[in-house]
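In our numbering, the protein residues as written are 755 to 1007.
All C-beta atoms in this analysis are idealised placements derived from N, C-alpha and C, irrespective of residue type, glycine included.
The block underneath contains the structure these notes are about, expressed in structure tokens.
Here's what the structure looks like:
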């Protein structure tokens, strides 16, 4: 890896950290850069996951006030995504990457649709349930199950997992999008930590790429949290949809 390539990976880590704490499509930037500097796909995927852990640390810390608003949900998100990530990381090592690469763009596009229509769906559910529906501030079985599946996807492939988590939490809970964004960042962090343990133990990693990504992403995650907590809900939702569509289109090429 040349000095110019190392600077490119460092810059990709910075950008990926910002995206982790905002729209949740960090791998859209970092994974292609690792491929471009010559890493094999599976090595790049595993190294990318480990290198983005610092972004989750700084991003979650930046959202600490939002995470304290619903601690029960935060812990549920951590557990479900951690358990799912173990299964996802195991699948990555056992199955060819083409398995999820084929379906990933369509999953992302579908979740973009869900994020976009979430306000109308929430109002429809409220009109159907009336006053008996109440404020949904705890994760029910359906929401928890989909959060677990999102953790599996994040541990295996990762691209667009933040968009998926925004859709899952936005549809399953009646909480501010600002808090959903914080929980999404925490979910990515939890999944990356657990998957990273698996990868460190059994996968091939490019540690130079990991260190460079980590150095850039820890700064980007903090910057992204400062930006993300100030985004108006409508703008945040629009940015998530646009980022998800871009990610899906790039994966389809």
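ask   = Terminal residues of the continuous alpha helix (DSSP H) containing residue 843?
value = For residue 843, the enclosing alpha helix (DSSP H) has its first and last residue at 825-848.
ask   = Helix, strand or coil: which one does DSSP assign to residue 818?
value = helix
message = To the nearest angstrom, how far is the alpha carbon of residue 870 from that of residue 860?
response = Rounded to the nearest angstrom, the two C-alpha atoms are 15 Å apart.
ask   = Whose C-beta lies closer than 7 Å to the C-beta of residue 885 among residues of the same chain, with five residues either side of it excluded?
value = Reliability fails at residue 885, whose pLDDT of 48 lies under 50, so the model's placement of it is uncertain and the value that follows must be treated cautiously. Counting only Cβ-Cβ distances below 7 Å, and skipping sequence neighbours, we find nothing.
ask   = DSSP state of residue 993, grouped into three classes?
value = helix
task = Work out the CA separation of residue 846 and residue 825 for me, nearest whole Å.
result = 31 Å
inquiry  = Just verifying my parser: in three-state terms, what is the DSSP assignment at residue 890?
reply    = Per DSSP, reduced to three states, the secondary structure at residue 890 is coil, with no helix or strand assignment.
inquiry  = Spatial neighbours of residue 966 within its chain, please: C-beta separation below 7 Å, excluding the five flanking residues on both sides.
reply    = Once the five neighbours on either side are set aside, the close Cβ partners of residue 966 are 760, 763, 764 and 767.
message = Does the CB of residue 844 have a neighbour CB from chain C at under 8 Å?
response = The structure shown contains no chain C, having only a single protein chain.
request  = Check residue 898 in the structure and name its three-state DSSP category.
outcome  = helix
task = Within its chain, find whatever has a CB closer than 7 Å to the CB of residue 983; leave out the 5 residues flanking it on each side and keep chain order.
result = 817, 820 and 932
task = Compute the distance between the beta-carbons of residue 813 and residue 774, then report whether it is under 8 Å.
result = The Cβ-Cβ distance between residue 813 and residue 774 falls below 8 Å.
request  = Use the C-beta contact count for residue 862: other C-beta atoms within 10 angstroms, 16 or more gives buried, fewer gives exposed.
outcome  = Note on residue 862: 16 or more other CB atoms within 10 angstroms of its CB, so buried under the neighbour-count rule.
query = Buried or exposed: residue 928, going by 16 or more other Cβ atoms within 10 Å of its Cβ?
reply = exposed
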